[in-house]
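Asker:
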Amino acid sequence: MNFWYDPKKRAILFQIVILAMTAIFVGTLFYNTQENLESQNIATGFGFLKQEAGFGISETMIDYRSSDTYWRALKVGFLNTLKVGMIGNFLALALGIIVGIMRLSPNWMLSKISQNFIEVVRNIPLLLQLLFWYSLFTEVLPQVKEALNPFYGVFISQRGVNYPILLDHSIWPWVKASFVFGIIFFFFISRRIRLKREQTGQLIKRWPYALVLIVLLPLAVWLIGGAPWSWQFPTLGRFNFEGGAEVTPEFLALMVGLIIYTAAFNAEIVRAGILSVSKGQWEAASSLGLNYFQSLRFIILPQSFRVAIPPLTSQILNLIKNSSLAVAIGFPDFVAVANTTMNQTGQAIEGVLLIMMVYLFFSLLSSLFMNLYHKRISLQSHS
Amino acid sequence: MEEEIMKSKAPFENTAIWMKKNLFSTPVNTAISLIVICLLISFLGPFIQWLVFDSVGLGTAQDCREASGACLVFIKEKFDFIIFGFYPRTELWRPISSMILFLSFIWWSKEPKRWNKRLLWRWLKLILLIALLMRGGLFGIAPVSLDKWGGLPLTLLLSFFGLLFSYPIGILLALARRGNLPLIKIMSITYIELIRGVPMISLLFMASVMFPLFLPEGITFPKLLRAQIAIIMFMSAYMAEVVRGGLMAIDKGQYEAADALGLNYWQKQIKIILPQALKIVIPPTVNTSIGMFKDTSLVVIIALSDLLMTTKTALKDPKWLGFSVEAYLFVGLIYFVFCYSMSRYSNRLEREFSYGAHS
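Chains A and B, in that order, give the protein sequences. Sequence positions in the first sequence follow this note's numbering and run 1 to 383. Sequence positions in the second sequence follow this note's numbering and run 384 to 742.
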């Protein structure tokens, strides 16, 4: 009798019961799955990854042929998702900050336009928007033969955007390397300058260093290498453009849709962040003689990001998760490749597990980075 | 003071003052206003031309192809199919009256003063009535099988039942996460974070390809039900986080007071904590519901005929190829009307409840 009147023991019993029920539930599912797989002759395990994929992928960042393995195909999809996530988030943040600031602009028209933009975009499903953009790019744009030609060598048609690229030359890798080196070195120098300014109050201009390291250094390398300047232009072939490089309408539609959708949410977050900064900060900034944009740039935005970073993090994750809708418009992201793999091999469980693992990896990675950043910019002490 | 001055002047002068203040206050502002006006004219002009002046409201697909404007005939022609899917043409009065009943009842019960137990009973009766109307098979109404349901009724159905089930499950998950039973807490956290970490598509894939494997041989679920389960699983994790926000906002004193009254755990939660916590989070709950309403469109990917899928199917009709932009704008408008009114409603509730809140 005593047992039932002890809340601690009761709690333990309750937990054991729930755990046992869950275990039985999962166990039954597992058992059923085993039975079903056996009766359907589907092998389990990840052995299929080494088999030949046998399907083509329209857009790849690494070499891929249909004779490659499933593993390689999934890697292609993974890299495509990574590319979409990085470019998309960068642009969605930039656009979101612009629209968010416009929303609070003293200019009535600007603020109304961004308000309507935000309302319309946020209240329509992303999938519908993606399909809309895709149909716009593949139906409304002219056919290949009558492609638009806004700049010399750039063609826009139903098959996407074709643009010229520089021909290969042995010096280009060195130019790229010196460019990257310049950026890294400039980063260190500006850090030194900032430290010095904080210690001595001495104001040193940063842009000459930027000019030398990021522009002149690669330029010098390029000149030393003989200044190669031959372009490969896209030319109209029999069915499509040949030569040059292209952006497919699938990629374009996915990017435009994701960026606009996420930017609308980011804009609301940025707006809330700016509004959270107290009015005194604006007044202090203008009494220091800063104009509207200077106050925003140096006083308001840095403080508003403290509030905005956590919700922005979840938007960054949302964009990556939403990029899985690429499967609906035929862009080969990870989910699309995994889906094809599942259909071909019948390895549904492994496929879904892989998808979940990849997205969990992305989630953990971005929240790790954003947490580090948030820690760096958050107030060190509350006075 | 300023408003009084505004009132005393002629109406046209008011406009001028307002424009001076809001559009042309500084040179920079004037420049921005002019640029924005130019951009608006150059974008909206052709769009209105396309949608209104050049559009084709009568005729055939051929007339549409020859004209340069929007093909409104397509929308007219496919309206029934886009909205109701494969539901038998002769029985359309049933989904129509169901939807009218459903929407007017939502309208009726949106006032917070009507929220009580009787409302729940009325909802239950309404659901039964709608189920009878849609499904048929009784009282001489012809039966219509589940796979014939489609379009807007299906979208509303998926969202409604998604909300109905994910809300209580979300509350339980949130309570488990906030509680002090370690095993249960870990299980709840794992579930919530796992679901929130993956895209909804992966759950829908799971529903369409893995659920059949989970069940013993011979037992099958219709695809609609499987998708509904996936949506519920997905949304409960998000609902749980919303409810958790509310639970965290409750003052510790409320818990202590409940304990001091000698209430046990469930009495404490149901009578003291949850009524306050759920009220605080009504606006985010509505926002999450909007998200869910939009997310039901993802069932397209596993080929369920919701509103978006019927649109896509209508676009595949060889007689009417190439009018996607019109179709998507039309469906976008439908989604917008629903989501926007929900978000206005959420704003209204937020205002009303923040007046009532103490401190």
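Just so you know, even glycine gets a beta-carbon here, dropped at the ideal spot from N, CA and C.
If the cut is a Cβ gap below 8 Å, which residues of chain B does A/L128 touch?
Answerer: Here residue 128 of chain A refers to the residue found at position 128 of the first sequence. Neighbours of A/L128 on chain B, chain order: S680, L691, Y711, V714, G715, Y718.
Asker: Which whole-angstrom value describes the C-beta separation of A/R274 and A/S304, a residue pair presumed to lie in contact below a C-beta threshold of 8 Å?
Answerer: Working through the first sequence from its first residue, we reach residue 274 of chain A at position 274. Working through the first sequence from its first residue, we reach residue 304 of chain A at position 304. The residue asked about is misnamed: residue 274 of chain A is Ile in this sequence, not Arg. Right, their Cβ atoms sit about 5 Å apart.
Asker: Counting contacts by CB-CB distance shorter than 8 Å, is B/I567 in contact with chain A?
Answerer: Against the second sequence, residue 567 of chain B aligns to sequence position 184. Yes, because at least one Cβ of chain A sits closer than 8 Å to the Cβ of B/I567.
Asker: State the start and end residues of the unbroken beta strand (DSSP E) segment that holds A/A43.
Answerer: Walking along the first sequence from the start, residue 43 of chain A turns up at place 43. Neither: A/A43 is in no beta strand (DSSP E) and is coded neither H nor E.
Asker: Could you check where the beta strand (DSSP E) with A/S157 kicks off and where it finishes?
Answerer: Indexing the first sequence from 1 puts residue 157 of chain A at position 157. A/S157 -> beta strand (DSSP E) spans 155-157.
Asker: Looking at chain A, is there any beta carbon in it that lies within less than 8 Å of the beta carbon of B/I465?
Answerer: Numbered from 1 along the second sequence, position 82 holds the residue referred to as residue 465 of chain B. No - not a single Cβ of chain A is within 8 Å of the one on B/I465.
Asker: What does A/Q129 pair with, by DSSP beta-bridge criteria?
Answerer: In the first sequence, counting from the first residue as 1, residue 129 of chain A sits at position 129. In the DSSP output, where bridge partners are listed per residue, A/Q129 has none listed.
Asker: Is the beta carbon of B/S688 sitting closer than 8 Å to the one on B/G580?
Answerer: Residue mapping note: residue 688 of chain B aligns to position 305 of the second sequence, counting from 1. Residue mapping note: residue 580 of chain B aligns to position 197 of the second sequence, counting from 1. No. Outside cutoff.
Asker: Which full runs of the alpha helix (DSSP H) of 4+ residues lie inside the stretch 626-654 of chain B, going along the chain?
Answerer: Listed in chain order, they are 635-643.
Asker: Between the stretch 321-334 of chain A and the stretch 574-593 of chain B, are three or more C-beta pairs nearer than 8 Å?
Answerer: They touch, by the three-pair rule.
Asker: Strictly below 9 Å CB to CB, what residues from chain A border B/C722?
Answerer: Taking the first residue of the second sequence as position 1, residue 722 of chain B is located at position 339. Chain A residues near B/C722: R122, N123, I124, P125.
Asker: For A/P173, count neighbouring C-beta atoms within 10 Å of its own C-beta (all shown protein chains included) and say buried if the count is 16 or more, exposed if not.
Answerer: Position 173 of the first sequence, counted from the first residue, corresponds to residue 173 of chain A. Answer is exposed; the Cβ neighbour count stays below 16.
Asker: Closer than 8 Å, Cβ to Cβ, to anything on chain A: give me those residues from the stretch 446-459 of chain B, in chain order.
Answerer: Hits within the stretch: zero.
Asker: With C-beta atoms as the reference, is B/V625 less than 8 Å away from B/T668?
Answerer: Counting from 1 along the second sequence, the entry for residue 625 of chain B is found at position 242. Counting from 1 along the second sequence, the entry for residue 668 of chain B is found at position 285. It is a contact, given that the beta carbons lie within the stated cut-off.
Asker: Does the beta-carbon of B/C421 have 16 or more other beta-carbons within 10 angstroms, so that it is buried, or is it exposed?
Answerer: To locate residue 421 of chain B, count along the second sequence from 1; it is residue 38. With fewer than 16 other Cβ atoms within 10 Å, it is exposed.
Asker: Is A/I184 buried or exposed, if buried means 16 or more other CB atoms sit within 10 Å of its CB?
Answerer: Taking the first sequence and counting its residues from 1, one reaches residue 184 of chain A at position 184. Under this definition A/I184 is an exposed residue.
Asker: A/T22 touches chain B at which residues, Cβ-Cβ below 9 Å?
Answerer: Taking the first residue of the first sequence as position 1, residue 22 of chain A is located at position 22. Result: M570.
Asker: Taking 8 Å as the threshold (beta carbon to beta carbon), is A/E139 in contact with chain B?
Answerer: Your numbering for residue 139 of chain A matches position 139 in the first sequence. Answer yes: the Cβ-Cβ gap between A/E139 and chain B drops below 8 Å somewhere.
Asker: Could you give the distance in angstroms between the alpha-carbon of A/E250 and the alpha-carbon of A/I57?
Answerer: Against the first sequence, residue 250 of chain A aligns to sequence position 250. Against the first sequence, residue 57 of chain A aligns to sequence position 57. Taking the straight line from one Cα to the other gives about 13 Å.
Asker: Spell out whether any CB of chain A is found under 8 Å from the CB atom of B/N405.
Answerer: Taking the first residue of the second sequence as 1, we reach residue 405 of chain B at position 22. By this cut-off, B/N405 is an interface position.
Asker: Please name the residue in A/T340, A/Y292, A/V335 whose C-alpha comes closest to that of A/T81.
Answerer: Counted from its first residue, the first sequence places residue 81 of chain A at position 81. With distances taken between Cα atoms, A/T81 lies closest to A/V335.
Asker: When the Cα atoms are used, what is the spatial distance from A/V99 to B/M402?
Answerer: Position 99 of the first sequence, counted from the first residue, corresponds to residue 99 of chain A. Position 19 of the second sequence, counted from the first residue, corresponds to residue 402 of chain B. One C-alpha to the other measures close to 22 Å.
Asker: Evaluate the contact criterion for the stretch 668-680 of chain B versus the stretch 538-546 of chain B: three or more CB pairs, one atom per stretch, below 8 Å.
Answerer: The stretch 668-680 of chain B, when compared against the stretch 538-546 of chain B, does touch it at the 8 Å Cβ threshold.
Asker: Mind checking the stretch 477-509 of chain B against chain A and listing, in chain order, the residues whose C-beta falls within less than 8 Å of any C-beta there?
Answerer: Listed by position along the chain: nothing, the set is empty.
Asker: Based on the DSSP secondary-structure assignment, which residues constitute the bridge partners of A/N162?
Answerer: Within the first sequence, numbered from 1, the residue matching residue 162 of chain A stands at position 162. Paired residues: A/F155, A/E246.
Asker: Check each candidate in A/M102, A/L126, A/P106 and name the one with the smallest Cα separation from A/Q115.
Answerer: The residue labelled residue 115 of chain A in the question sits at position 115 within the first sequence. Residue A/M102 is the option with its Cα nearest to A/Q115.
Asker: I need the DSSP call for A/T69, collapsed to helix, strand or coil.
Answerer: Taking the first residue of the first sequence as 1, we reach residue 69 of chain A at position 69. It is a strand residue.
Asker: Touch check for the stretch 225-232 of chain A and the stretch 180-197 of chain A: three-plus C-beta pairs under 8 Å?
Answerer: Result no; under three Cβ-Cβ pairs closer than 8 Å.
Asker: Report, in whole angstroms, the separation of the C-beta atoms of A/L254 and A/I329, which I expect to be a contact under 8 Å.
Answerer: In the first sequence, the residue the question calls residue 254 of chain A occupies position 254. In the first sequence, the residue the question calls residue 329 of chain A occupies position 329. Sure, about 6 Å apart at Cβ, within 8 Å.
Asker: Output the residue ranges of the alpha helix (DSSP H) runs that lie fully inside the stretch 190-250 of chain A and measure 4 residues or longer, sorted by chain position.
Answerer: With a minimum length of 4 residues, the continuous alpha helix (DSSP H) runs that stay inside the stretch 190-250 of chain A are 207-210, 217-224.
Asker: At a Cβ cut of 8 Å, what residues of the stretch 335-348 of chain A count as close to chain B, listed as they run along the chain?
Answerer: The residues in question are V335, N339, M342, A348.
Asker: Mapping DSSP to helix, strand and coil, what is A/D6?
Answerer: Mapped onto the first sequence, residue 6 of chain A falls at position 6. Note: A/D6 maps to coil in three-state DSSP.
Asker: Would the beta-carbon of A/N123 fall within 8 Å of that of B/S726?
Answerer: Taking the first residue of the first sequence as position 1, residue 123 of chain A is located at position 123. Taking the first residue of the second sequence as position 1, residue 726 of chain B is located at position 343. For A/N123 and B/S726, yes; Cβs fall inside 8 Å.
Asker: Please confirm if B/N730 has its CB atom under 8 Å from at least one CB of chain A.
Answerer: For this step, residue 730 of chain B is matched to residue 347 along the second sequence. By this cut-off, B/N730 is not an interface position.
Asker: Can you list, in chain order, the residues of its chain whose CB lies under 8 Å from that of A/N318, leaving out five sequence neighbours each side?
Answerer: Stepping through the first sequence from its first residue, residue 318 of chain A is reached at position 318. Same-chain partners within the cutoff: T262, F265.
Asker: For B/E494, which three-state DSSP category applies?
Answerer: Position 111 of the second sequence, counted from the start, is the residue given in the question as residue 494 of chain B. B/E494 falls in the coil class under three-state DSSP.
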